[in-house]
Amino acid sequence: MEIKGFIPNSLLDWEGYIVSTIYLPYCNFRCPYCQNPSLIFSPHTLSTITWEELKSYWKKNKKWIDGVCITGGEPCLYRKLPELLRGIKGLGLKVKLDTNGTFPRRLGEVINENLVDYIAMDIKAPLNMASYQKSTGIKREFYLKRIKESIQMIRDSGIDYEFRTTVVPTLHTEKDIEEIASYIQGARAYYLQNFVPHDTLNPAYEKITPYPRERLESMCKKIARRVVKCGTRGK
Ligand code: SF4
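Adding 1014 to a residue's 1-based position in the sequence shown gives its number in our numbering.
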């Protein structure tokens, strides 16, 4: 498992914390609006950051760095993910994990071993095959089953979490967002993230105009009663 991106410190990736963010390459989805195409298709063109480099940075800056966000790509692709998280926790740092939810077994491993403090799971579309296929390119039904399993596992885990959807005009209607919110009824937090038409996996998506922020906020208001906390992100 190679680490293909490192932001030494960020105030944006985990609300309330100063964190480092690391990027793991490859993903089993092909979301047309994905903003990390080189991480998905050509990670060999990106430089690798070694564990020793990371460890030395975190040891030096431990006084003011609270934790590490693990993102990608899809971090749960890796059998060695628990080992990486053990190393980070061993340095006294908190861990936030981003996932698309298609590897519930891996998720279960890291939850059961107390290796994560926060999970941010993407829900890419209403939970039916046609919608998920359009938003992610997946063609196999078992993915949907796994995603549903991950949602339940996260909700039952006792760990702090959020679900989130990147809202894209050609992929999501207001009704779709209501359908997702209704599926996760009672969840701790659900965020609507505005799509950014820049450097997208499918270049055609660079021509799509995102919803105005007010439209996202209005969607958020409509579903607010369904979840404990609902928010919007992006311009
Ligand atoms: S947006 Fe996330 S889940 Fe979709 S292809 Fe990119 S890294 Fe994978």
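Virtual Cβ for every residue (Gly too), placed ideally from N, Cα, C.
Measure how close the beta-carbons of Thr1035 and Ile1017 come, nearest whole angstrom, since I'm counting them as under 8 Å.
Not confirmed; about 11 Å, so no contact.
Following a CB-centred definition, is Asn1216 positioned closer than 6 Å to any heavy atom of the ligand SF4?
no
Helix, strand or coil, according to DSSP, for Cys1045 in the structure here?
coil
In whole angstroms, what separates the C-alpha of Tyr1071 from that of Arg1100?
17 Å
Buried or exposed for His1058, going by 16 or more other Cβ atoms inside 10 Å?
exposed
Helix, strand or coil: which one does DSSP assign to Asp1112?
strand
Residue range of the alpha helix (DSSP H) that includes Thr1085
In the DSSP assignment, Thr1085 falls outside any alpha helix (DSSP H) and within the unbroken beta strand (DSSP E) covering Gly1081 to Gly1086.
In whole angstroms, what is the alpha-carbon distance linking Arg1202 and Ile1165?
12 Å
Is it the case that the Cβ atoms of Cys1090 and Asp1027 are separated by a distance below 7 Å?
no
How would you label Asn1126, buried or exposed, when you count the other beta carbons within 10 angstroms and need 16 or more for buried?
exposed
Label Ser1232 either buried or exposed according to how many other C-beta atoms from any shown protein chain fall within 10 Å of its C-beta, with 16 as the threshold for buried.
By the neighbour-count rule (16 or more Cβ atoms within 10 Å), Ser1232 is not buried but exposed.
Contact under 7 Å by Cβ, Leu1158 with Tyr1197:
Not in contact: Leu1158 and Tyr1197 (Cβ atoms no closer than 7 Å).
Report the rounded CA-to-CA distance for Gly1019 versus Phe1117, giving the unit in angstroms.
22 Å
Starting from the Cα of Met1015, find the closest Cα among Glu1067, Tyr1047, Glu1097 and Pro1051 and give me that residue.
Glu1097
Just tell me which of Ser1024, Glu1029, Tyr1040 and Trp1065 has its CA closest to the CA of Ile1079.
Ser1024
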